[in-house]
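J.: Quick mapping for you: the protein sequence lines, in order, are chains B and S.
With the numbering used here, letter number 2 in the first sequence gets 2, and the count goes up by one each step, no holes.
With the numbering used here, letter number 133 in the second sequence gets 133, and the count goes up by one each step, no holes.
Idealized CB from N, CA, C, for every residue including glycine.
As the structure is a computational prediction, the values presented were derived from the model and not from experiment.
Structure provided below as structure tokens; questions to follow.
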Amino acid sequence: MNAAKQPANLQVVASADESATRRLHLLMRQRETLRSAFRTTWDELSHHFEPNELEAWAAVVLRLANVNAGPACLIAYWDVSKVSAGREEIAPLLAAAQSVVEICRSAGAQAATAALRALPVAGRIFGSGPPLARWWRAMEALSRQAPESVAPVADRIAEILSPGTIDAFENFVASGLRAASGNKARRIAFFSLDDDLARRLITRDPGAVTFLETEVELKMFITALWGRPPALRALPVDSNQAPQRRVSIAGPLIRMPEVFRGVRGDAARAMFRAAAAHAQAHLVLGRYPFPVGTLKPLQIALVNLIEDARIEALAMRHLPGLRRLWAPYHVALPSGVIAAPTLLARLARALFDPAHADDDSFVTKGRAMFDIARPRLDDPAVSREIGMLLGNDLGQMRVQFNAKTHVVEPVYRDDGLGLWDFGENAPLSGDIIELPAEAVRIEQQDTSDSDSISDEPDQQQAALGRARPVAPDPRGTVVARYPEWDREHRVERPEWTVVREVAAHLDDPRLVEQALDRAAVLRNRIGQLVRGVRIGRRSRLNHQHEGHDLDLDALLDAGIALRTGQEPDPRVFRSSTSVHRDLSALLLIDVSESTRDQLGSGATILEWVF
Amino acid sequence: MAVDAYRITTEPYYEALGDEVETFAAAYAERLPVMLKGPTGCGKTRFVEHMAWRLGKPLITVAAHEDMTAADLAGRYLLEPGGTVWHDGPLTLGVRHGAICYLDEIVEARQDTTVVIHPLTDARRILPLERHNEIVPAHADFQLTISYNPGYQSAVKDLKESTKQRFVAIDFGYPPPTTEAAIIVRESGTDDELANILVAIAHRSRNLQGHGLDEGASTRMLIHAGRMVRAGLPLATAVQSSIVLPITDNPDIRAALADAIQACLP
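Given below as structure tokens:
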């Protein structure tokens with residue numbers, strides 16, 4: 001970069017005929033609408049960049065032209081280039097063009113132009129370093145996954161970037177894609193900030209820590225604790241008006257809140273650890289599901305509470321330091337109004353901390369029953385026995401308990417619903433279904449938005465008969481839903497493809513061995529290929545002119561040569577070099593419908609392969 | 001005698017976990033080569049030292065590495081003031097004078113290097129020295145022992161089948177918790193309570209094996225942590241410097257491991 005250079009003249013570009021500079025100039029001569037803007041830009045850039053840098057710039061502009069970026073996009077890029085020229089090296093400009101090319105390919109020229117217009121704002125916040133590169137990557141990813149959303153994001157970029165960190169932006173994009181569940185209209189609403197959740201995300205406390213930010217560390221923490229990797233998933237972001245959502249266990253899955261509101265930084269990370277450690281302790285130390293039977297909601301809540309205390313007591317026998325992790329959240333005081341929520345919180349604290357003083361008769365009774373049961377805490381029946389009795393007691397005390405508004409305390413504990421088998425044939429007593437009904441309500445709330453929006457966007461689709469909702473299916477836990485194009489009926493079916501997480505079916509491991517045996521030839525062939533390429537092996541080079549070590553054998557030969565009066569070989573060093581890189585492998589198994597097709601032998605494709 | 005310097009005079013402490021002592025003794029009685037398999041820091045080298053002491057034989061240890069050549073093992077001509085003189089390598093020394101030759105982490109050596117041991121590990125029991133134009137018959141007391149860590153090497157760094165099949169193998173793992181605690185007490189001088197905490201910590205790190213860590217904390221690491229505590233360091237600091245920091249450079253794993261370790265502390 002040299003600010004003192006003279007402007008280059010359009011007429012005297014001394015470049016090879018094939019150079020990008022030459023080709024770009026020729027192209028621009030033919031484009032009347034662009035000619036003058038290009039000339040101004042080129043003159044400006046020539047003040048600041050070396051010819052080789054200008055050549056690289058011309059090459060990326062040609063790439064933009066080649067992907068049909070259009071005049072508006074080219075001019076936007078030139079504007080950005082002119083502004084950046086005096087301040088920056090050319091590399092970020094070139095990188096920006098590469099990203100714009102990708103966005104243009106995926107989302108079109110309008111989106112690419114909008115992204116370029118958003119760049120000054122992003123540049124002001126992120127500078128020109130790695131955060132800005134991550135911003136471009138996030139925009140590229142958005143253009144691939146939600147092409148229609150690039151322009152809305154770019155238009156509202158100043159507001160969206162108000163949290164000021166690239167992590168927050170990446171979270172915002174990821175949350176929007178997840179919350180929309182593949183629904184285009186909902187995505188547009190989200191990224192245009194016409195969505196309550198989107199607005200809350202960008203006004204979020206900048207010190208807040210999201211599940212996504214802590215997920216990797218959290219998984220390893222839980223794996224280290226319990227020796228079993230947790231299946232962690234994010235719950236959709238809830239409304240600010242609702243109580244803080246608790247962790248939810250669903251089969252083998254632990255569904256974590258996106259954020260614990262009001263907790264920041266390290267405190268938030270500690271909260272995630274406490275919550276995940278508690279939930280995984282259930283899965284490792286408990287035996288579920290409990291049958292609901294004829295339990296009333298209050299009894300279910302109390303059985304949950306005793307079960308939480310039992311599981312934590314068992315966990316702390318192995319890992320006493322967990323007490324320090326969970327203790328800060330037990331803050332119920334032995335005073336205040338006698339109501340079900342406060343009594344339950346006080347009982348939870350009393351069972352967790354034997355040294356905590358609370359002389360309430362209900363709490364004292366619960367603690368005494370739990371202490372008597374301590375020698376047999378390994379027996380899950382303890383929770384049901386004590387919970388039922390305490391539930392009766394609390395019922396007779398006529399304290400008010402509202403199953404619909406009940407939330408488990410302390411906040412790190414799971415909602416308890418995943419421990420129960422409510423069953424399809426659960427008795428239809430109003431009392432009994434209250435708590436399950438609460439669970440269902442939450443699920444409906446999660447999906448209701450996408451359902452309602454999926455009605456709106458396409459009248460034609462509505463006229464054709466909207467896609468049937470996915471039938472309830474007990475197989476596995478639903479982790480995602482995607483729309484799919486129905487070719488026969490020519491209609492896009494929202495939420496048609498359902499991804500379920502299903503625990504692997506346990507069977508005789510010999511079946512696997514047998515399958516591997518049948519593929520022995522293939523297996524051996526792959527093994528030979530891998531060994532044969534000697535991946536990652538360093539090659540030793542003897543008899544070198546230079547190297548990190550003397551080649552003793554070459555040295556001896558040289559010594560002998562000297563003594564016998566011959567010219568010694570000067571190559572007496574040895575070195576090593578690594579010319580290969582490590583190998584990674586990805587296994588993709590296609591189990592789609594077409595793989596059922598039968599071959600001539602009568603076997604299916606999959607049977608033949610395996 | 002040329003290998004007397006390699007004799008072990010005081011008993012190296014070793015806590016037997018199974019029948020490995022008897023197995024090795026039987027293999028030595030028949031002069032069969034032995035392969036010790038197991039994770040790093042689980043006591044393979046200590047076991048060989050113990051067995052060499054128990055059998056009263058010199059022990060020549062060679063740490064294999066990628067740049068090791070056959071000449072590094074067998075020997076080479078060197079220039080001396082009086083002329084060109086042949087110098088036996090450590091393997092030849094053991095073969096000629098009767099020692100247990102221990103090739104540590106043999107798989108680190110290149111495969112064209114490891115084939116030099118083939119004639120020593122079958123019925124021939126000879127070491128051909130091509131450059132010296134000599135065939136050295138193995139001394140009656142000579143025995144070859146190698147170690148390798150199956151989990152540590154990549155799929156492409158493995159022993160050749162023709163090498164593997166020459167050895168009697170002894171599999172080593174981490175000791176059971178009570179034994180491991182006893183070893184820590186014996187080797188680091190800590191008390192039982194601290195040793196039990198260190199074992200619990202080790203289990204947390206071993207849970208991460210394959211989930212971010214190549215291997216969990218070794219018994220040797222725990223002994224180091226115990227010794228750091230004995231030297232006056234607080235337990236948390238000792239564990240951090242002896243286990244968490246050496247075992248990984250990944251900040252996420254470090255943080256997760258440090259938190260899991262906190263859960264083990266009373």
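1) Can you look up R261(B) in the DSSP assignment and give me helix, strand or coil?
2) Grab the span of the beta strand (DSSP E) containing A231(B) for me, first residue to last.
3) Distance check for R255(B) and D259(S), CA to CA, integer angstroms please.
4) Please report the straight-line C-alpha distance between F49(B) and K82(B), rounded to a whole angstrom.
5) Could you give the DSSP three-state label for A39(B): helix, strand or coil?
6) Only counting the same chain, and skipping five residues up and downstream in sequence, which positions put a Cβ closer than 7 Å to that of F24(S)?
7) Determine the direct distance from the alpha carbon of P137(S) to that of A123(S), and round the result to whole angstroms.
8) In angstroms, rounded to a whole number, what distance separates the CA positions of V399(B) and L198(S)?
9) Might you give, ordered along the chain, the residues of its own chain that have their beta carbon closer than 7 Å to the beta carbon of L17(S), omitting 5 neighbours on each side?
10) Locate the beta strand (DSSP E) running through E239(S), then write down its first and last residues.
11) Alpha helix (DSSP H) containing H548(B): first to last residue?
12) If we ignore side chains and look at the alpha-carbon of each, how far apart do A70(S) and P39(S) end up?
13) The stretch 304 to 325 of chain B: which residues have C-beta closer than 8 Å to a C-beta of chain S, in chain order?
14) Can you name, in chain order, every residue of its own chain whose Cβ lies under 6 Å from the Cβ of P427(B), other than the five neighbours on each side?
15) How long is the line joining the alpha carbons of Y102(S) and W226(B), rounded to whole angstroms?
16) Is C73(B) helix, strand or coil by DSSP?
17) Would you kindly work out how many angstroms separate the C-alpha atoms of T497(B) and D358(B), rounded to a whole number?
18) What are the boundary residues of the beta strand (DSSP E) that includes P128(S)?
19) Find the residues of chain B that neighbour L208(S), judging by a C-beta separation of less than 7 Å, and give them in chain order.
20) What residues of chain B sit near I253(S), judged by a beta carbon separation below 7 Å?
21) Using DSSP's beta-bridge definition, name the partner residues of S248(B).
22) When you compare only the Cα positions, how much space is there between E193(S) and T248(S)?
23) Indicate whether I166(B) and A138(B) have their beta-carbon atoms separated by less than 9 Å.
24) Please name the residues in the stretch 262 to 284 of chain B whose beta-carbon is closer than 9 Å to at least one beta-carbon of chain S, in chain order.
25) Which residues, in chain order, does the stretch 552 to 565 of chain B contribute to contact with chain S at a C-beta distance below 9 Å?
26) Under the DSSP definition of a beta bridge, which residues are partnered with G83(S)?
27) Check whether the stretch 60 to 80 of chain B and the stretch 106 to 117 of chain B touch, using three or more Cβ-Cβ pairs below 8 Å as the test.
28) Does R596(B) have its Cβ less than 9 Å from a Cβ in chain S?
29) Would you check if the distance between the CB atom of I311(B) and the CB atom of L285(B) is smaller than 9 Å?
30) On the criterion of 16 or more Cβ atoms from any shown chain inside 10 Å, does I372(B) qualify as buried, or is it exposed?
31) For D72(S), tell me which candidate among K57(S), A26(S), V85(S) and T92(S) has the shortest Cα-Cα distance.
32) Would Q240(S) pass as an interface residue toward chain B - the criterion being a Cβ-Cβ separation below 9 Å?
33) For L94(B) and A154(B), I'd like the C-alpha separation in whole angstroms.
34) For the candidate residues R230(S), Q209(S) and R206(S), whose alpha-carbon lies nearest to that of S188(S)?
35) How would you list, in chain order, the residues of chain B whose beta-carbon sits under 8 Å from the beta-carbon of D249(S)?
36) Among L390(B), P483(B) and S143(B), which one has its Cα closest to the Cα of R493(B)?
T.: Taking the coordinates as given:
1) Against the first sequence, residue 261(B) aligns to sequence position 261. Correct three-state label for R261(B): strand.
2) Stepping through the first sequence from its first residue, residue 231(B) is reached at position 231. Looking at the DSSP string, the run of the beta strand (DSSP E) that includes A231(B) is A231 to A234.
3) Here residue 259(S) corresponds to residue number 259 of the second sequence, with the count starting at 1. Here residue 255(B) corresponds to residue number 255 of the first sequence, with the count starting at 1. Rounded to the nearest angstrom, the two C-alpha atoms are 21 Å apart.
4) Stepping through the first sequence from its first residue, residue 49(B) is reached at position 49. Stepping through the first sequence from its first residue, residue 82(B) is reached at position 82. For F49(B) and K82(B), the distance between alpha carbons rounds to 11 Å.
5) Translated into positions along the first sequence, residue 39(B) becomes position 39. It should be noted that the sequence gives Arg, not Ala, for residue 39(B). For R39(B), the three-state secondary structure derived from DSSP is helix.
6) Working through the second sequence from its first residue, we reach residue 24(S) at position 24. Excluding residues within five positions, the ones whose Cβ falls inside 7 Å are V34, M51 and I170.
7) Position 123 of the second sequence, counted from the start, is the residue given in the question as residue 123(S). Position 137 of the second sequence, counted from the start, is the residue given in the question as residue 137(S). A123(S) and P137(S): Cα-Cα distance of roughly 11 Å.
8) The sequence position of residue 399(B) within the first sequence is 399, counting from 1. The sequence position of residue 198(S) within the second sequence is 198, counting from 1. Going from the Cα of V399(B) to the Cα of L198(S) covers about 48 Å.
9) Position 17 of the second sequence, counting from 1, holds the residue named residue 17(S). Exclusion of the five residues before and after L17(S) leaves P175 and T179 as the residues of its chain whose Cβ lies within less than 7 Å of its Cβ.
10) By 1-based counting over the second sequence, the position of residue 239(S) is 239. Reading the sequence as shown, one finds Val at residue 239(S) and not Glu. No beta strand (DSSP E) contains V239(S), which is instead part of the alpha helix (DSSP H) from L235 to V239.
11) Working through the first sequence from its first residue, we reach residue 548(B) at position 548. Where H548(B) is concerned, there is no enclosing alpha helix (DSSP H), given that its DSSP letter is neither H nor E.
12) Here residue 70(S) refers to the residue found at position 70 when the second sequence is read from its first residue. Here residue 39(S) refers to the residue found at position 39 when the second sequence is read from its first residue. A70(S) and P39(S): Cα-Cα distance of roughly 26 Å.
13) H318, L319, P320, G321, L322, R324 and L325
14) For the purposes of this step, residue 427(B) is taken as the residue at position 427 of the first sequence. Unreliable positioning characterises P427(B) in this predicted model, as indicated by a pLDDT of 37, which lies under 50. A coordinate reading is not provided.
15) By 1-based counting over the second sequence, the position of residue 102(S) is 102. By 1-based counting over the first sequence, the position of residue 226(B) is 226. Answer to the nearest angstrom: the Cα atoms are 38 Å apart.
16) For the purposes of this step, residue 73(B) is identified with residue 73 of the first sequence, where counting begins at 1. Three-state DSSP puts C73(B) in a helix.
17) Stepping through the first sequence from its first residue, residue 497(B) is reached at position 497. Stepping through the first sequence from its first residue, residue 358(B) is reached at position 358. In a straight line, the C-alpha of T497(B) is about 53 Å away from that of D358(B).
18) On the second sequence, position 128 is the one that residue 128(S) refers to. Where P128(S) is concerned, the enclosing beta strand (DSSP E) stretches over I126 to L129.
19) In the second sequence, residue 208(S) corresponds to position 208, counting from 1. Here the neighbours are M220, T223 and A224.
20) Residue mapping note: residue 253(S) aligns to position 253 of the second sequence, counting from 1. M220, listed in chain order.
21) Stepping through the first sequence from its first residue, residue 248(B) is reached at position 248. In DSSP, S248(B) forms a bridge with R255(B).
22) By 1-based counting over the second sequence, the position of residue 193(S) is 193. By 1-based counting over the second sequence, the position of residue 248(S) is 248. Between E193(S) and T248(S), the C-alpha separation is close to 26 Å.
23) Taking the first sequence and counting its residues from 1, one reaches residue 166(B) at position 166. Taking the first sequence and counting its residues from 1, one reaches residue 138(B) at position 138. Closer than 9 Å, so yes.
24) R269, A270, R273 and A277
25) L552, D553, L555, L556, G559, I560 and R563
26) Here residue 83(S) is taken as the residue at index 83 of the second sequence, counted from 1. In DSSP, G83(S) forms a bridge with E80(S).
27) yes
28) As a working mapping, residue 596(B) is identified with position 596 in the first sequence. No, no contact with chain S.
29) Residue mapping note: residue 311(B) aligns to position 311 of the first sequence, counting from 1. Residue mapping note: residue 285(B) aligns to position 285 of the first sequence, counting from 1. Yes.
30) Here the question's residue 372(B) lines up with position 372 in the first sequence. Its Cβ having fewer than 16 others within 10 Å, I372(B) is exposed.
31) Here the question's residue 72(S) lines up with position 72 in the second sequence. Closest by alpha carbon: T92(S).
32) Here residue 240(S) corresponds to residue number 240 of the second sequence, with the count starting at 1. With 9 Å as the cut-off, Q240(S) does not count as an interface residue toward chain B.
33) Looking up residue 94(B) in the first sequence gives position 94. Looking up residue 154(B) in the first sequence gives position 154. Between L94(B) and A154(B), the C-alpha separation is close to 20 Å.
34) On the second sequence, position 188 is the one that residue 188(S) refers to. Here the closest residue by C-alpha is R230(S).
35) Within the second sequence, numbered from 1, the residue matching residue 249(S) stands at position 249. Result: empty, since nearest Cβ-Cβ is about 14 Å, beyond 8 Å.
36) Within the first sequence, numbered from 1, the residue matching residue 493(B) stands at position 493. Taking only the C-alpha atoms, the option nearest R493(B) is P483(B).
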